[in-house]
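Colleague:
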Ligand code: NDP
Ligand code: 8X3
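In my numbering, the protein residues as written are 4 to 254.
1. Let me confirm a value: residue 225 is counted as buried when at least 16 other C-beta atoms fall within 10 Å, else exposed. Which label applies?
2. So, for residue 17: in the same chain, excluding its five sequence neighbours on each side, which residues have a beta-carbon less than 6 Å away from its beta-carbon?
3. Would you please state the rounded distance, in angstroms, between the beta carbons of residue 33 and residue 42? I believe it to be under 8 Å.
4. Would you mind giving the Cβ-Cβ distance between residue 144 and residue 162, rounded to the nearest angstrom? I have them listed as a contact below 8 Å.
5. Who are the near neighbours of residue 69 in its chain, counting only those whose CB is closer than 8 Å to its CB and skipping five residues on each side?
6. Can you name the residues that DSSP bridges to residue 31?
7. Are the beta-carbon atoms of residue 138 and residue 87 separated by less than 9 Å?
8. Terminal residues of the continuous beta strand (DSSP E) containing residue 238?
9. Would you check whether ligand 2 has a heavy atom nearer than 8 Å to the C-beta of residue 92?
10. Give me the Cβ distance between residue 183 and residue 238, rounded to the nearest whole Å; I'm assuming they're in contact under 8 Å.
11. Based on the DSSP secondary-structure assignment, which residues constitute the bridge partners of residue 136?
12. Who are the Cβ neighbours of residue 31 in its own chain at under 6 Å, not counting the five residues just before and after it?
13. Please identify the residue among 240, 227, 92 and 229 whose C-alpha is closest to the C-alpha of residue 142.
14. Rounded to whole angstroms, what is the Cα-Cα separation between residue 62 and residue 160?
15. Please identify the residue among 67, 39 and 73 whose C-alpha is closest to the C-alpha of residue 57.
16. Using a Cβ-Cβ cutoff of less than 6 Å, which residues in the same chain neighbour residue 175 once the five nearest sequence positions on both sides are dropped?
17. What did DSSP end up calling residue 189 once you bin it into helix, strand or coil?
18. Run through the DSSP bridge pairs and tell me what residue 36 is partnered with.
19. Can you check which of these residues, 101, 29, 154 and 179, is closest to residue 121 by C-alpha distance?
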């Protein structure tokens with residue numbers, strides 16, 4: 004039997020890359036991101052295990068999303084699993100000191116980008132009354148922390164969209180899940196702190212953070228659950244993390 008097709012946004016690093024890798028035995032893969040060199044490298048690796056299509060676009064650019072996903076070759080047109088993972092935090096500032104460019108980036112990527120991709124992928128799922136959308140939210144979509152208001156707002160929006168999609172798609176048998184990780188050591192903090200690797204490293208100092216593979220493993224579990232089972236919402240924290248703001252650091 005042909006494998007189902009999964010589309011993973013933000014597959015060029017971190018959680019998305021690990022997810023593409025872990026799904027390669029069970030799914031054909033459409034891997035997306037802006038950095039084409041990384042997409043080609045991952046495609047070369049994963050094509051040992053499965054069919055891979057790479058698509059490079061910025062999720063903020065609606066025309067680019069429509070053009071990349073709206074005219075897929077026939078053999079890729081039916082997507083069974085959409086993983087809306089592309090996203091980042093930009094900056095960590097009090098609301099009265101933060102940059103409008105950072106706000107725009109977070110709202111445009113984490114919220115509007117997710118919507119743009121979902122809008123193009125859903126019609127085929129609705130037509131076939133089958134499919135699964137997994138949105139990557141965050142503990143920041145459950146609890147607000149100081150200096151994170153706009154990132155948190157973007158992830159609260161992902162939580163609301165996940166719940167709303169589940170209601171709207173219920174009559175079409177489409178599963179909708181949110182996965183909400185706590186601190187995962189990826190390129191996330193390097194992006195948040197605009198390339199400051201030392202500051203990024205300090206976020207994960209003194210405790211064992213989650214890895215991208217930990218989250219990919221949860222995504223695989225949720226995706227491979229029997230079709231009549233929907234995991235609606237999974238929050239995953241490092242054992243040393245008790246809330247968005249409480250982390251048991253040894254040093
Ligand atoms: P990374 O920075 O490692 O990965 C982010 C991915 O998103 C990259 O592949 C990047 O690809 C892609 N991306 C970013 N902006 C755009 C854009 N404008 N257009 C297309 N793709 C884009 O971070 P993570 O793997 O940690 O983050 C993945 C998701 O997990 C995000 O939604 C994040 O909010 C969420 N998350 C992360 C946590 C963490 O602690 N790390 C915790 C909770 C949630 P490229 O640059 O090539 O376009
Ligand atoms: C990423 C986790 O705590 O850095 O969503 O906001 S956190």
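Think of the CB as a built atom: it goes at the ideal place given N, C-alpha and C, for glycine as much as any other residue.
These numbers were taken from a predicted model, which means no experiment stands behind them.
Modeller: Once the coordinates are examined:
1. Counted from its first residue, the chain shown places residue 225 at position 222. Burial check for residue 225: the Cβ neighbour count within 10 Å reaches 16 or more, so the residue is buried.
2. Along the chain shown, one-based indexing puts residue 17 at 14. Shown here for residue 17: same chain residues with a beta carbon closer than 6 Å to its own, the five before and five after excluded, namely 189, 190 and 215 in chain order.
3. By one-based count along the chain shown, residue 33 stands at place 30. By one-based count along the chain shown, residue 42 stands at place 39. Contact flag wrong, Cβ pair sits at about 10 Å.
4. In the chain shown, counting from the first residue as 1, residue 144 sits at position 141. In the chain shown, counting from the first residue as 1, residue 162 sits at position 159. Contact between residue 144 and residue 162 is confirmed by a C-beta separation of about 4 Å, below the 8 Å threshold.
5. Here residue 69 refers to the residue found at position 66 of the chain shown. Taking C-beta separations shorter than 8 Å and ignoring five residues to either side along the sequence, the partners of residue 69 in its chain run 119 and 123, following chain order.
6. If you number the chain shown from 1, residue 31 lands on position 28. Note: residue 31 sits in a beta bridge opposite 8.
7. Counting from 1 along the chain shown, the entry for residue 138 is found at position 135. Counting from 1 along the chain shown, the entry for residue 87 is found at position 84. Yes. Within cutoff.
8. By one-based count along the chain shown, residue 238 stands at place 235. For residue 238, the enclosing beta strand (DSSP E) has its first and last residue at 236 to 239.
9. Along the chain shown, one-based indexing puts residue 92 at 89. Yes; taking the cut-off as 8 Å, the Cβ of residue 92 has a heavy atom of ligand 2 nearer than that.
10. Mapped onto the chain shown, residue 183 falls at position 180. Mapped onto the chain shown, residue 238 falls at position 235. Right, their Cβ atoms sit about 4 Å apart.
11. Here residue 136 corresponds to residue number 133 of the chain shown, with the count starting at 1. Partner(s): 85 and 179.
12. To locate residue 31, count along the chain shown from 1; it is residue 28. For residue 31, where only same-chain residues beyond five positions count, the Cβ hits under 6 Å are 6, 8, 53 and 54.
13. The residue labelled residue 142 in the question sits at position 139 within the chain shown. Selected option, being the one with the closest Cα: 240.
14. Your numbering for residue 62 matches position 59 in the chain shown. Your numbering for residue 160 matches position 157 in the chain shown. The C-alpha of residue 160 is placed about 16 Å away from the C-alpha of residue 62.
15. Counting from one through the chain shown, the residue named residue 57 turns up at place 54. Relative to the Cα of residue 57, the nearest Cα in the group 67, 39 and 73 belongs to 39.
16. One-based indexing of the chain shown puts residue 175 at position 172. Taken in chain order, the residues that qualify are 129 and 132.
17. In the chain shown, residue 189 corresponds to position 186, counting from 1. Coil.
18. Counting from 1 along the chain shown, the entry for residue 36 is found at position 33. In DSSP, residue 36 forms a bridge with 59.
19. Residue mapping note: residue 121 aligns to position 118 of the chain shown, counting from 1. Among 101, 29, 154 and 179, the Cα nearest to that of residue 121 is on 179.
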